[in-house]
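What follows is a set of notes on a single structure, which appears directly below.
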Amino acid sequence: MNIEPLGPTELRLMQGLAQEVTALQPELLNGDATVGELAWVWAKDFDALGPFWRHRLWFVDGRLAAWGWACLPYRVPRGDGTTLEAETANLTWQTHPERAALLGEILHWYDDVANGADRLLTLQSADVEAQAIAAANGYAFDAEAGGDDGSWVQFNTRELTDVPSPQLPEGFRFLTAADVSTADAVKAHRDAWDRSRFNETAFERVRRTWPYRPDLNVLIAAPDGTLAATAIIWLDEKTRTAEFEPVGTHRDFRRRGLGTALQLHGMHLAKAAGAARMLVACRGAPAHPAARALYYGVGFRPISRDLPQVKKGR
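Following my numbering, the numbering of the sequence shown begins with 31 at its first residue and continues without gaps.
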């Protein structure tokens, strides 16, 4: 067990494995284990949730072959007088496609660090071997989280060919994070995501985390100067893959086509920077169609979906 903080060196190794899986079998890439998702979650949550994280890396012949990153049950203040809490442990993980059996070792380690708590993890629908290993270790499909109105996520991709030109309403304009202050960039995110804990300290950590680029942190300004939409594009030059995470529109500017325009603009920027394909994750349940429809509308198609799993504690 490693109770040392999950630092940038370990994170970069984990992202390196994500690069390998992206190149070899992207349908086996866990949605929380992409280059961009790892960067975003680690950077934004480090200060608040870092004390509840545990991690372990598995090496074979000197190369990273698998890793596990567990978040233990927690209770932390939101900053608005309320608290954010989780009563279960949650595991993010990844194995190299040629080392899939290491998931069994990850799950044994997870049992130890969870210390009797209920345990959650997600598998990919395409990862049949992982499904068998999880079942053999006492995990079962979480019908509530994985059902038609559940919180499960699907993973989508799009080749960067035939990308339409974005169309903005009159008076709106595209910006990048280089054009706005840290405070304004943070406010844009919080205006798009209700009850977000994102703050300037977290954003500064995001900006220091590979492969963040301010020219690929895109925004839309309304005629009155309000930042009406925001997205970060994480570009992996090695695999020529870029990922949207997060994408959000100000609550007062929704249903005006800004999300579509921002994505199309972002795809053009990513392509100009060397990307050949885009990735994005979204909620996939039939009861939550809005994000899925938005991404389908700009050409994304699903390649896999989460299969949430649960194992009851002692």
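In this text, a Cβ means the ideal position worked out from N, Cα and C, and glycines have one as well. Note that the structure is predicted; figures quoted are calculated from it, not measured.
Residue environment, Asp336, which counts as buried when at least 16 other CB atoms sit within 10 Å: For the purposes of this step, residue 336 is identified with residue 306 of the sequence shown, where counting begins at 1. Residue environment: Asp336 is assigned as buried (16 or more neighbouring CB atoms within 10 Å of its CB, all protein chains considered).
With contact counted as at least three CB pairs below 8 Å, one residue from each stretch, are the segment 234-242 and the segment 61-80 in contact? The answer is yes - the segment 61-80 touches the segment 234-242, with three or more Cβ pairs under 8 Å.
Rounded to a whole number of angstroms, what is the C-alpha to C-alpha distance between Asn229 and Ala173? Taking the first residue of the sequence shown as position 1, residue 229 is located at position 199. Taking the first residue of the sequence shown as position 1, residue 173 is located at position 143. Those two C-alpha atoms are separated by around 34 Å.
Let's see if you can read the secondary structure: which residues bound the alpha helix (DSSP H) around Gln339? For the purposes of this step, residue 339 is taken as residue 309 along the sequence shown, with counting starting at 1. Counting along the chain, Gln339 falls outside any alpha helix (DSSP H), though it belongs to the beta strand (DSSP E) covering Arg331 to Lys341.
Are the beta-carbon atoms belonging to Ala232 and Val248 less than 8 Å from one another? Within the sequence shown, residue 232 is the residue found at index 202, counting from 1. Within the sequence shown, residue 248 is the residue found at index 218, counting from 1. With respect to the 8 Å criterion, Ala232 and Val248 are not classified as neighbours on the basis of their beta carbons.
For Pro196 and Phe204, what's the separation of their Cα atoms in angstroms? Here residue 196 corresponds to residue number 166 of the sequence shown, with the count starting at 1. Here residue 204 corresponds to residue number 174 of the sequence shown, with the count starting at 1. Those two C-alpha atoms are separated by around 10 Å.
Considering only the alpha carbon of each residue, which of Ile333, His280, Pro276 and Leu265 lies closest to Val306? In the sequence shown, counting from the first residue as 1, residue 306 sits at position 276. At residue 306 the sequence reads Ala, which differs from the Val that was named. Comparing alpha-carbon positions, the option among Ile333, His280, Pro276 and Leu265 lying closest to Ala306 turns out to be Leu265.
Where Val90 falls, given that 16 or more other Cβ within 10 Å makes a residue buried: Numbered from 1 along the sequence shown, position 60 holds the residue referred to as residue 90. Exposed, because fewer than 16 other Cβ atoms sit within 10 Å of the Cβ of Val90.
Around the Cβ of Asp282, are there at least 16 other Cβ atoms within 10 angstroms (buried) or fewer (exposed)? As a working note, residue 282 is residue 252 in the sequence shown. Counting Cβ neighbours within 10 Å, Asp282 comes out exposed, since fewer than 16 surround it.
If I follow the unbroken alpha helix (DSSP H) through Val71, where does it start and stop? For the purposes of this step, residue 71 is taken as the residue at position 41 of the sequence shown. Annotation for Val71: the continuous alpha helix (DSSP H) segment containing it runs Val65 to Leu79.
Limits of the unbroken alpha helix (DSSP H) element including Gln293: For the purposes of this step, residue 293 is taken as residue 263 along the sequence shown, with counting starting at 1. Segment Leu288 to Ala302, the alpha helix (DSSP H) holding Gln293.
In whole angstroms, what separates the C-alpha of Glu3 from that of His126? With the chain covering only 31 through 344, there is no way to say anything about residue 3.
Less than 8 Å between the beta carbons of Val106 and Leu79, yes or no? Within the sequence shown, the letter at position 76 stands for residue 106. Within the sequence shown, the letter at position 49 stands for residue 79. Contact: yes.
Report all residues from its chain with a CB closer than 6 Å to the CB of Gln45; omit the five preceding and five following residues, and keep chain order. What you label residue 45 is simply residue 15 of the sequence shown in a count that begins at 1. Excluding sequence neighbours, Gln45 sits near Val65 and Leu68.
Alpha carbon to alpha carbon, how far is Gln154 from Gly98? Start at 1 with the first residue of the sequence shown, and residue 154 comes out as number 124. Start at 1 with the first residue of the sequence shown, and residue 98 comes out as number 68. Cα to Cα, Gln154 sits roughly 16 Å from Gly98.
Relative to the C-alpha of Val236, which residue among Glu273, Leu54, Ala73 and Tyr325 is closest? Position 206 of the sequence shown, counted from the first residue, corresponds to residue 236. Closest option to Val236, judged by alpha-carbon separation, among Glu273, Leu54, Ala73 and Tyr325: Ala73.
Is the distance from the Cβ of Cys101 to the Cβ of Trp83 below 8 Å? Looking up residue 101 in the sequence shown gives position 71. Looking up residue 83 in the sequence shown gives position 53. Between Cys101 and Trp83, the gap from beta carbon to beta carbon is short of 8 Å.
Hey, Leu309 and Glu267: beta-carbon distance below 8 Å or not? Numbered from 1 along the sequence shown, position 279 holds the residue referred to as residue 309. Numbered from 1 along the sequence shown, position 237 holds the residue referred to as residue 267. Taking 8 Å as the Cβ cut-off, Leu309 and Glu267 do not qualify as a contacting pair.
At the level of alpha carbons, what is the spacing between Gln161 and Leu133? Walking along the sequence shown from the start, residue 161 turns up at place 131. Walking along the sequence shown from the start, residue 133 turns up at place 103. In a straight line, the C-alpha of Gln161 is about 10 Å away from that of Leu133.
Selection from Pro338, Gly343 and Glu128 that minimises the alpha carbon distance to Ala170: Locating residue 170 in the sequence shown gives position 140, where the first residue counts as 1. Among Pro338, Gly343 and Glu128, the Cα nearest to that of Ala170 is on Pro338.
Given this structure, state the Cα-to-Cα distance separating Gln184 from Leu292, to the nearest angstrom. Numbered from its first residue, the sequence shown carries residue 184 at position 154. Numbered from its first residue, the sequence shown carries residue 292 at position 262. Rounded to the nearest angstrom, the gap between the Cα atoms of Gln184 and Leu292 is 21 Å.
Nearest neighbour of Pro319, chosen from Ser181, Gly296, Thr256 and Ala259 [CA to CA]: The residue given as residue 319 occupies position 289 in the sequence shown. Minimum Cα distance to Pro319 is reached at Ser181.
On the CB-based measure, 16 or more other CB atoms within 10 Å of its CB, does Leu54 come out buried or exposed? The sequence position of residue 54 within the sequence shown is 24, counting from 1. Label assigned to Leu54: exposed.
Does Val277 pass the burial test, meaning 16 or more other C-beta atoms within 10 Å, or should it be called exposed? Here the question's residue 277 lines up with position 247 in the sequence shown. Taking all protein chains shown into account, Val277 has 16 or more neighbouring C-beta atoms within 10 Å of its C-beta and is therefore buried.
Is Thr187 near Arg331, with beta carbons less than 8 Å apart? Along the sequence shown, read from residue 1 onward, the residue named residue 187 stands at position 157. Along the sequence shown, read from residue 1 onward, the residue named residue 331 stands at position 301. Yes, Cβ-Cβ distance for Thr187 and Arg331 is below 8 Å.
Per DSSP, what kind of secondary structure is Val328 in: helix, strand or coil? By one-based count along the sequence shown, residue 328 stands at place 298. Coil.
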